[in-house]
Amino acid sequence: MDIRLLKANEIECRIGTFKEGKGISLLLYKDARVDMRILDEVFGFDGWEREHQLIDGKLFCTVRVWSEKRNCWISKQDVGTESNTEKEKGQVSDSFKRACFNLGIGRELYTSPFIWVPASMGYSKYEKFEVKEIGYNDDREINMLVIVDSKGKECFRFGDKTKQVKQVKREVTETMVKALYKIANDKGYSDDIVEKASKRDYGNNVIDISMKNYMTLKAKLEGLEAKKVGA
């Protein structure tokens, strides 16, 4: 079951604490509509179901999804908490969202950094915030996060997008060199020729033979550079 990561526009940003003269802490959430949409995407309209039960005065939600691999239903259950407004409705929604967390939907939000907006930025406790950008590493952990206010002004940034581009560029470069080494091995060329090829020495035989492969990788590098400039 491949549960995708949440997009920036699927994440809610709410005020956790407001400390006069100090600042605001923010928390990341997902709502029940996002859970339903992802359940539909992954399992299909008829591939999941939910059930609510009252156990010892507490409202539990069970979410069942159909596993093609195991050819059976898989269930995840959790309990909800009351909301500040509508008690019953809040418990229903919260228990459902928690059960979906157990399935893996939005679990990456648990890796969020501590989000603090200093009082010097002049926000009141009624200000609205939203996630503009979010990025993840290979372990599905948040490694880049940008939050803006109701006017679109950036008020929090975590991670360095420039460093991320450099990292991807380095990985693509390594891929290019590995590809050239493989071609050299296949054609019987020595490693020193590959070293020259990796430095874009267009006069050697390896590049002549592998121009199509090389130019494909080169285009990827140039594309990353273009994104970096436009960022």
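Note that my numbering has the sequence shown beginning at 811, numbered continuously upward. Beta carbons: idealized from backbone N, C-alpha and C, even for Gly. The structure displayed is predicted, hence computed values, not measured ones.
Does the beta-carbon of residue i have 16 or more other beta-carbons within 10 angstroms, so that it is buried, or is it exposed?
i, result
"residue 904", "buried"
"residue 952", "buried"
From the DSSP output, in three-state form, read off residue i for me.
i, result
"residue 1014", "For residue 1014, the predicted structure reports a pLDDT of 43, less than 50, and the residue's modelled location is therefore unreliable. A value from the coordinates is still provided. DSSP places residue 1014 in coil when its eight states are reduced to three."
"residue 872", "strand"
"residue 888", "strand"
"residue 878", "coil"
"residue 934", "coil"
"residue 845", "helix"
"residue 913", "helix"
"residue 814", "coil"
"residue 949", "coil"
"residue 826", "strand"
"residue 833", "strand"
Does the separation of the CB atoms of residue i and residue j fall below 8 Å?
i, j, result
"residue 824", "residue 815", "no"
"residue 821", "residue 852", "no"
"residue 915", "residue 957", "no"
"residue 889", "residue 869", "yes"
"residue 910", "residue 841", "no"
"residue 906", "residue 847", "no"
"residue 927", "residue 968", "no"
"residue 959", "residue 933", "yes"
"residue 773", "residue 918", "Because the chain spans 811 through 1041 in this model, residue 773 falls outside it and cannot be assessed."
Whole angstroms is fine: what's the gap from residue i's alpha carbon to residue j's?
i, j, result
"residue 1042", "residue 938", "No answer is possible for residue 1042: the residues shown for the chain start at 811 and end at 1041."
"residue 901", "residue 955", "29 Å"
"residue 833", "residue 929", "4 Å"
"residue 830", "residue 863", "41 Å"
"residue 882", "residue 948", "29 Å"
"residue 857", "residue 871", "17 Å"
"residue 908", "residue 887", "8 Å"
"residue 946", "residue 891", "29 Å"
"residue 876", "residue 849", "11 Å"
"residue 941", "residue 885", "31 Å"
"residue 827", "residue 964", "19 Å"
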